[in-house]
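Trainee:
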Ligand SMILES: [Mg+2]
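Residue numbers (our numbering): 1006 to 1363.
This is the structure we're talking about:
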């Protein structure tokens, strides 16, 4: 098996850095891109490094940010501008590899196992990419280089801003053993607390548990933990992940005629969908219900959320609500399907919904 070479590139304080680049009056100043501190609901999308010195962070209420720094400058986001820069960054990536998986406007995985330009090493490629971003776009990025996605992503965060961190193949396992459990993908606050109560603080602690044990404790993610503490993450860099959707459907042996039956089937399908989302560590903003009637007529109905969702209860409840809106009385249903789409870790919400946040 060849050892893969994966780079995770993450732009530094992306939205804020673009604003500081385009508007010299913001340079060297604490600025926040996001919602206004007046009124309710405004949140920080990105804080400049000058603002971070005051403890201001992404997702913090704008009001709170203003309390922390009286001189803070609030800037409204210009998503069109960020998208354009994001495209320019991607054009730079493309010189080095075709295997690019964008995670959001300012983050991507690159598989550079095949050295398209004969640069010589993944570290050298990462260095060139950073230099090109600096020279051509007047922005900085941090990069993590390693043998898999998980370690590359953790590495890119270690020396921000303008960092370049390499975790060599032989260092990966030791690196994972020292890693605090909070840094593990998919470990939210609740799981982290659960782990700590059980005396699990680092990768080394998790490594003492058997795979069965981990699955009993943490569900399907247990498999992931078992492998990742051993430095194993086989997830590929997926160039088309952006547009992907994930779903499940079922064709029934008998037509469904009562809402009760339909709901029972939707529960089962939702369970499959939620399981797959968990496996791929995805959440989506749009739930789509597909219905095929016994006369082969087919319809779809969907609902979108502001925040990505992926939990069974929400998926099932949404699908049932969508079903009710189709007036499912005196109908015969042959097939039901549920699909989640509109993925992305922190992509900006669609325009119609941005208004409420900013
Ligand atoms: Mg970033």
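Each residue gets a CB set at the ideal place from its N, CA and C atoms; glycine is no exception.
Rounded to whole angstroms, what is the Cα-Cα separation between residue 1085 and residue 1142?
Mentor: For the purposes of this step, residue 1085 is taken as residue 80 along the chain shown, with counting starting at 1. For the purposes of this step, residue 1142 is taken as residue 137 along the chain shown, with counting starting at 1. Spanning the two alpha carbons is a distance of roughly 16 Å.
Trainee: Can you give me the Cβ contacts of residue 1293 inside the same chain, cut-off strictly under 6 Å, excluding the 5 residues immediately before and after it?
Mentor: Mapped onto the chain shown, residue 1293 falls at position 288. If we look at residue 1293 and ignore the five residues flanking it on each side, its Cβ neighbours are 1305, 1307, 1344.
Trainee: Quick one: is residue 1153 buried, meaning 16 or more other Cβ sit within 10 Å of its Cβ, or exposed?
Mentor: As a first step, residue 1153 must be located in the chain shown, where it is residue number 148. It counts as buried.
Trainee: Is the region 1008–1020 touching the region 1146–1162, taking contact as three or more C-beta pairs under 8 Å?
Mentor: Short answer: they touch.
Trainee: Mapping the DSSP letters down to three states, classify residue 1016 as helix, strand or coil.
Mentor: The residue labelled residue 1016 in the question sits at position 11 within the chain shown. Correct three-state label for residue 1016: strand.
Trainee: Can you grab the Cα-Cα spacing for the pair residue 1267 / residue 1283, in whole Å?
Mentor: In the chain shown, the residue the question calls residue 1267 occupies position 262. In the chain shown, the residue the question calls residue 1283 occupies position 278. Going from the Cα of residue 1267 to the Cα of residue 1283 covers about 24 Å.
Trainee: What does residue 1052 pair with, by DSSP beta-bridge criteria?
Mentor: Taking the chain shown and counting its residues from 1, the one referred to as residue 1052 is at position 47. Paired residue(s): 1037.
Trainee: Here's the rule: buried if 16 or more other CB atoms are within 10 angstroms of the residue's CB, otherwise exposed. What is residue 1107?
Mentor: Counting from 1 along the chain shown, the entry for residue 1107 is found at position 102. Residue 1107 is buried by the Cβ-count criterion.
Trainee: Grab the span of the beta strand (DSSP E) containing residue 1100 for me, first residue to last.
Mentor: Here residue 1100 corresponds to residue number 95 of the chain shown, with the count starting at 1. Segment: none, residue 1100 is in no beta strand (DSSP E) and carries neither H nor E.
Trainee: Taking the alpha-carbon positions, what's the residue 1184 to residue 1208 distance?
Mentor: Taking the chain shown and counting its residues from 1, one reaches residue 1184 at position 179. Taking the chain shown and counting its residues from 1, one reaches residue 1208 at position 203. Roughly 5 Å separates the two Cα atoms.
Trainee: Helix, strand or coil: how does DSSP classify residue 1093 here?
Mentor: Residue numbering aside, residue 1093 sits at position 88 when the chain shown is read from its first letter. In this structure, residue 1093 counts as helix in the three-state DSSP scheme.
Trainee: For my contact list, residue 1169 and residue 1135 are in at a C-beta cut-off of 8 Å; report their separation, rounded to the angstrom.
Mentor: Within the chain shown, numbered from 1, the residue matching residue 1169 stands at position 164. Within the chain shown, numbered from 1, the residue matching residue 1135 stands at position 130. Yes, they are in contact, since the Cβ atoms of residue 1169 and residue 1135 sit about 6 Å apart, within 8 Å.
Trainee: Pick from 1059, 1033, 1324, 1174: whose alpha carbon is nearest that of residue 1236?
Mentor: In the chain shown, residue 1236 corresponds to position 231, counting from 1. If we check each option's Cα against that of residue 1236, 1174 comes out closest.
Trainee: What number of angstroms, rounded off, separates the C-alpha of residue 1248 from the C-alpha of residue 1295?
Mentor: Against the chain shown, residue 1248 aligns to sequence position 243. Against the chain shown, residue 1295 aligns to sequence position 290. Annotation note: pLDDT 49 at residue 1248 (below 50); position unreliable, no value reported.
Trainee: Which residues are close to ligand 1, meaning CB closer than 6 Å to any heavy atom, in chain order?
Mentor: Selection output, chain order preserved: 1015, 1016, 1019, 1111, 1112.
Trainee: Please report how far the alpha carbon of residue 1030 lies from the alpha carbon of residue 1064, in whole angstroms.
Mentor: On the chain shown, residue 1030 is found 25 positions in, with the first residue counted as 1. On the chain shown, residue 1064 is found 59 positions in, with the first residue counted as 1. Each residue's Cα considered, the two are about 24 Å apart.
Trainee: From residue 1316 to residue 1262, what does the alpha carbon distance come to, in whole angstroms?
Mentor: The residue given as residue 1316 occupies position 311 in the chain shown. The residue given as residue 1262 occupies position 257 in the chain shown. Near 27 Å, if we compare the C-alpha coordinates of residue 1262 and residue 1316.
Trainee: Can you give the beta carbon distance from residue 1023 to residue 1037, rounded, assuming they're within the 8 Å contact cut?
Mentor: Here residue 1023 refers to the residue found at position 18 of the chain shown. Here residue 1037 refers to the residue found at position 32 of the chain shown. Residue 1023 to residue 1037, Cβ: 13 Å. No contact.
Trainee: Taking residue 1137 as the reference, which of 1155, 1094, 1163, 1112 has the closest Cα?
Mentor: For this step, residue 1137 is matched to residue 132 along the chain shown. Among 1155, 1094, 1163, 1112, the Cα nearest to that of residue 1137 is on 1094.
Trainee: For residue 1025, which of 1081, 1043, 1071 has the nearest alpha-carbon?
Mentor: Indexing the chain shown from 1 puts residue 1025 at position 20. Residue 1081 is the option with its Cα nearest to residue 1025.
Trainee: Inspect the beta-carbon positions of residue 1104 and residue 1242 and report whether they are closer than 7 Å.
Mentor: Residue mapping note: residue 1104 aligns to position 99 of the chain shown, counting from 1. Residue mapping note: residue 1242 aligns to position 237 of the chain shown, counting from 1. Against a cut-off of 7 Å, the Cβ pair of residue 1242 and residue 1104 comes out as a contact.
Trainee: What separation, rounded to the nearest whole angstrom, lies between the Cα atoms of residue 1222 and residue 1276?
Mentor: Position 217 of the chain shown, counted from the start, is the residue given in the question as residue 1222. Position 271 of the chain shown, counted from the start, is the residue given in the question as residue 1276. When rounded, the distance between both Cα atoms is 19 Å.
Trainee: What are the start and end residues of the alpha helix (DSSP H) that includes residue 1210?
Mentor: Here the question's residue 1210 lines up with position 205 in the chain shown. First-last of the alpha helix (DSSP H) with residue 1210: 1208–1212.
Trainee: In angstroms with no decimal places, state the Cα-to-Cα distance between residue 1202 and residue 1034.
Mentor: Translated into positions along the chain shown, residue 1202 becomes position 197. Translated into positions along the chain shown, residue 1034 becomes position 29. Answer to the nearest angstrom: the Cα atoms are 42 Å apart.
Trainee: Could you check what DSSP says for residue 1075 in three-state terms: helix, strand or coil?
Mentor: One-based indexing of the chain shown puts residue 1075 at position 70. DSSP places residue 1075 in coil when its eight states are reduced to three.
Trainee: Give the range of the alpha helix (DSSP H) segment to which residue 1155 is assigned.
Mentor: Here the question's residue 1155 lines up with position 150 in the chain shown. Per DSSP, residue 1155 belongs to the alpha helix (DSSP H) from 1154–1161.
Trainee: Could you compute how far the alpha carbon of residue 1028 sits from the alpha carbon of residue 1126?
Mentor: The residue you call residue 1028 lines up with position 23 of the chain shown. The residue you call residue 1126 lines up with position 121 of the chain shown. Each residue's alpha carbon lies about 36 Å from the other.
Trainee: One question on the structure: do residue 1279 and residue 1320 come within less than 7 Å of each other, judged by their Cβ atoms?
Mentor: Along the chain shown, read from residue 1 onward, the residue named residue 1279 stands at position 274. Along the chain shown, read from residue 1 onward, the residue named residue 1320 stands at position 315. Going by C-beta atoms, residue 1279 is nearer than 7 Å to residue 1320.
Trainee: Tell me whether the beta-carbon of residue 1299 lies closer than 7 Å to the beta-carbon of residue 1260.
Mentor: For the purposes of this step, residue 1299 is identified with residue 294 of the chain shown, where counting begins at 1. For the purposes of this step, residue 1260 is identified with residue 255 of the chain shown, where counting begins at 1. Yes, they are a contact pair.
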